[in-house]
Amino acid sequence: MMDYLLVLCSLLLPVVSAVEETLMDSKWATTELAWTTYPESGWEEVSGYDDSMNPIRTYQVCNVLEPNQNNWLRTDFIPRRGVLRVYVELKFSVRDCASIPNIPGSCKETFNLFYYESDGDTATANSPPWRENPYVKVDTIAPDESFSLLESGIVNTKLRSFGPLSKAGFYLAFQDLGACMSLISARVFFKKCSTTIASFAVFPETATGAEATSLVIATGACVPNAVEVSVPLKLYCNGDGEWMVPVGSCTCMPGFEPAKKDTQCQACTAGFFKSKQGEGFCTPCPPFSRATSGASSVCPCQNGYYRADGDSPDSPCTTVPSAPLSVISSINETSVSLEWAEPRDSGGRADLVYNVVCKKCEHGACVRCDDNVEVAPRRLGLAERHAAVRNLQAHTHYSFEIQAVNGVSPKSPVTPRYATVNITTNQAAPSAIPTVHLMRSTASTLSLSWLPPERPNGVILDYEIKYHEQGESFSHTVTAQTSSARVEGLKTGTVYTVQVRARTVAGYGSYSHPVDYSTSLHDDPERSVQDQLPLIIGSALAGFVVIVATVVIAVLCLRRQRTGSELEYTEKLQQYVSPGVKVYIDPFTYEDPNEAVHEFAREIDISCVKIEEVIGAGEFGEVCRGRLKQPGRKEVAVAIKTLKAGYTEHQRRDFLAEASIMGQFDHPNVIHLEGVLTRSCPVLIVTEFMENGALDSFLRLNDGGFTVTQLVGMLRGIAAGMKYLSDMNYVHRDLAARNVLVNSNLVCKVSDFGLSRFLDENSSDPTYTSSLGGKIPIRWTAPEAIAFRKFTTASDVWSYGIVMWEVMSFGERPYWDMSNQDVMNAVEQDYRLPPPMDCPAVLHQLMLECWLKERNARPRFAHIVSTLDKLLRNAASLKTLTSAHSGDLYRIGGTLPGHQRKSLGGVQDMRQMSQTLPIRV
């Protein structure tokens, strides 16, 4: 390894020349040196002059006429000062033995150099002994030239080094074995690499190593205002005191540029900046920006100018665009086409887009349009300068704002500049009937029902039913005053194609999609009355609605006649006939479950679905995580429910029923159904993927990790989803934190519709009575639902109160370890769950309102959403905490002692009823 380093060093030029530091130099002595000699007749100290005639002290010896010479000269103690290797420079002269007459054969022209290490100045005249051991021999020194009497004054210079040294200091010793010589001077020094700056890094002064081939590592530090580019920062100091092999480097940080031959980093002056680290230099600020101080890494924008988040600091500042020009509108019944020209000023940017803001205006006030108003190709971020607005209400005033925005519009406190166009929609025919359902078929009749069109655009006067035999072109039509009818006089066992459309004073709307239904092969007389009963009830209700509508129309007509104006239908009139209200349809009312699932759920091709891993198990099979990539749409993560092999037809029907239910919902707080795969094996249901899973386990995993405001935001989302479901006359029956899913943005969505059922929208007291054998989640279920199997939206509100308690307690189990029987007894005796720890008083009060025994006194979900919105807007109301103990059941007027929680005496009929009631924990 050392040989490799030497070769590497030999290929590199030294960075800085060596520096020498002297430890001892006899040349500069002004008094006697008084070095130790042995024997006294040997070395002799004399005064002399150097080449420049400066006085010097030298030592001479010339006992060449006497045999067996062994003369020693030892210097004073020389401190080592931490160095490992020292150098000795000797200046001396030696007489040529041949120039000495009558000289014996023992004459020498060389001498020996020794050293002796010691931890202190402890040497004496006789210690250490005058012999080679313990002294360490450095070398035998021979002159390059000796002199004779005729050539006096020849001075030789020799350089030797030795090491490694380990003690506090050392002595030099000179041994003469019979020479005639003069030691003119002796200098002891060491070599070091001096302080240097390389690649904007400072390396300290470093002494050489113990060997001539040693490389000593020196660690550097970046100069001020510089940062490391690569580490470690190292230089190697070789044996000659030269820097070698630089490793690592620094560079000037943003706002600073190189200076003084790359040894310093100086700040950019005012008006200049440098955005990145490196060896580049400061540059002037981009347009519409300025730097009022030095060392700027970015030039702030001037007032009214901005940079987008994706803009680099080197880019100029830009501003918001002016308003679009020349807005043109074209009205077609309840649709509007909008076109406009570019603004005069784009703000200096190329990312100009447009937003279309729709406002509905009534009585001089304008509010944002409902979500059902469609803007194509999109409401926000339009690159095109045209848009089509559909699904508007007929004969209604609208105002459209065309906003011009660019990448810096979000940075500006000013509302985007816009152009406005005001329009009034025309009278329009109703939209198409969503779908037609077969209620009953006989040998000669088809009993049909349908929902009103989503956009009636006026009062529905009647419906036209068109039907013909499959394969025939000739059609028959009948009319109906309500949303149901019975087509009679049909052929037995024949397939008919049926379509329905609605009519207003503006004319007929579009037909529904054609559906095929078949008459029966024979009649069932016992069912005739039952078949007619729904039609009779439906006709009566429809007749009542028509009468009310007729009265209102007559009043309006009289008013129009008095004022001489044309007949105009108002929204208040339309409310009497409840147009456009979407109502949930129970898939179990379909004779063929496949028809229900294909009506409400989209069939997905198996090639679009990729299953990645199993993440759980459901009632019917495994639950997996996967990817869904459909043509023309980006790939998304999805959850995939599978129907296990060996299923029965009943299991398949129940499995697909949940998809038929989910497919009818479209709300940000209700789990979204992507589609189904009924033609594959296994059968699959594909929904959106919720990254954080079930709410109860998610809260337990993050116990204490969310603020009260975040928890209330979650509760608000759940309440909004339940309000949407209740508005569709839909009851959930199993609302609990385990059946609420959470995505990566902490959005909560209601899921698990396995226990849910349809509520009769025409009933004044809508309930659902479960079939015998249905399991009930006792801890989450209202007492009337447990006692009488009556499930309503009010019982869902009770369950929502339990969910509130779960959320505020971070997923704690309701009623702790109490048995289901004890829970029922406690609730019957008006005991309620206490406030969780640190629960705001207003939230626990809302829970208690949800748990009122009288179900009609409980709040509606619309009220709950409104209450939570007010709390979120007024955060101070959430700071008042409850004072009740969180470990005991809470009772109006007192708490249940803790020792009674596990054994509660109950009402006898409740206990008897629970013994036969299937319990779901």
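Taking mature numbering (1 follows the signal peptide of the UniProt record, and there is no 0), I'd label the letters of the sequence shown as residues -18 to -1, 1 to 903. Glycine included, every Cβ here is placed at the ideal spot set by N, Cα and C.
Delimiting residues of the alpha helix (DSSP H) encompassing residue i
i      : result
Leu707 : Val690 to Asp709
Phe156 : That residue, Phe156, is in no alpha helix (DSSP H); its beta strand (DSSP E) goes Gly151 to Asp158.
Ser848 : Phe843 to Arg855
Ile136 : Careful: Ile136 lies outside any alpha helix (DSSP H) and carries neither H nor E.
Gln803 : Asn802 to Glu810
Ser34  : Here Ser34 belongs to no alpha helix (DSSP H), and DSSP marks it neither H nor E.
Asp678 : Leu677 to Leu683
Met672 : Note, Met672: premise wrong, no alpha helix (DSSP H); not H, not E.
Member of the options whose CA lies at the smallest distance from the CA of residue i
i           : options                           : result
Glu581      : Thr660, Leu503 and Gly614         : Thr660
Lys623      : Asn53, Arg113, Glu604 and Ser312  : Glu604
Pro816      : Thr195, Trp798 and Glu2           : Trp798
Asn807      : Ser791, Leu825, Trp780 and Leu871 : Leu871
Thr476      : Ser466, Val460 and Ser423         : Ser423
Gly389      : Arg289, Ile136 and Asp296         : Arg289
residue 904 : Glu656, Gly628, Ser642 and Ala627 : Because the chain is modelled from -18 through 903, residue 904 falls outside the range shown and cannot be assessed.
Ala155      : Val70, Ser231, Gly191 and Pro83   : Val70
Arg761      : Thr233, Gly783, Gln375 and Ala776 : Gly783
Asn285      : Cys299, Arg372, Ile85 and Gly363  : Cys299
Residues of its chain near residue i, where Cβ-Cβ distance is below 6 Å and the 5 sequence neighbours each way are ignored
i      : result
Pro398 : Gln385, Val387 and Ser391
Cys44  : Cys162
Leu681 : Phe792 and Gly793
Residue i versus residue j: straight-line alpha-carbon distance, rounded
i           : j      : result
Asn802      : Val318 : 59 Å
Met226      : Ser176 : 12 Å
Val482      : Tyr445 : 7 Å
Asn138      : Phe74  : 5 Å
Asn856      : Pro818 : 21 Å
Gly489      : Ala410 : 8 Å
Ala639      : Gly608 : 22 Å
Ala(-1)     : Arg67  : 14 Å
Ser312      : Asn404 : 11 Å
Tyr98       : Asp32  : 29 Å
Asp(-16)    : Ala203 : Summary for Asp(-16): the model assigns pLDDT 44, below 50, so the residue's position carries little reliability; its value from the coordinates is reported in the next sentence. If you take the alpha carbons of Asp(-16) and Ala203, they lie about 28 Å apart.
residue 904 : Gln612 : No answer is possible for residue 904: the residues shown for the chain start at -18 and end at 903.
Thr486      : Arg795 : 55 Å
Pro266      : Phe254 : 4 Å
Ser777      : Leu666 : 31 Å
Thr92       : Thr57  : 19 Å
Arg615      : Ala249 : 51 Å
Ala621      : Leu693 : 25 Å
Pro83       : Trp25  : 22 Å
Glu114      : Gly223 : 31 Å
Pro111      : Met35  : 38 Å
Asp78       : Ala107 : 31 Å
Range of the contiguous beta strand (DSSP E) that encloses residue i
i      : result
Ser781 : Run containing Ser781: none in the beta strand (DSSP E); it sits in the alpha helix (DSSP H), Thr775 to Met790.
Ala107 : Run containing Ala107: none; DSSP gives neither H nor E here.
Thr461 : His458 to Ala462
Leu307 : Leu307 to Asn314
Ser593 : In the sequence as displayed, the identity of residue 593 is Ile instead of Ser. Val591 to Ala599 is the span of the beta strand (DSSP E), which, as asked, contains Ile593.
Arg485 : Val477 to Thr486
Phe185 : Ala183 to Phe185
Pro214 : Ala208 to Cys219
Cys175 : Cys162 to Cys175
Ala347 : Ala347 to Arg350
Cβ neighbours of residue i in the same chain (closer than 7 Å, five flanking residues each side left out)
i           : result
Phe572      : What sits at residue 572 in the sequence shown is Tyr, not Phe. Excluding sequence neighbours, Tyr572 sits near Ala578.
residue 974 : Outside the modelled stretch of the chain, which goes from -18 to 903, sits residue 974, for which no answer is possible.
Thr864      : Pro817, Cys821, Ala823 and His826
Ala305      : Pro325, Ala386, Arg399, Tyr400 and Ala401
Gly699      : Asn651, Val729 and Cys730
Ala641      : Val579, Ala583, Leu655, Val658 and Ile667
Residues near residue i in its chain [Cβ-Cβ closer than 8 Å; skip 5 each side]
i      : result
Thr417 : Trp432, Leu433, Ser494, His495, Val497 and Glu581
Pro21  : Asn53
Val565 : Leu433, Met710, Asn711 and Glu743
Ala208 : Phe182, Ala183, Cys232, Thr233, Cys234, Met235, Phe238 and Cys247
Val205 : Ile179, Phe182, Ala183, Val184, Cys232, Thr245, Gln246 and Cys247
- Item | Whole beta strand (DSSP E) elements within the stretch 601 to 664, 3-residue minimum | 604 to 610, 618 to 624 and 655 to 659
- Runs of beta strand (DSSP E) wholly within the stretch 227 to 287 (minimum 3 residues, chain order): 238 to 241 and 246 to 249
- Query: Can you give, in chain order, each stretch of the beta strand (DSSP E) that sits fully within the stretch 61 to 130 and has at least 3 residues?
  - Reply: 68 to 76, 93 to 100 and 118 to 123
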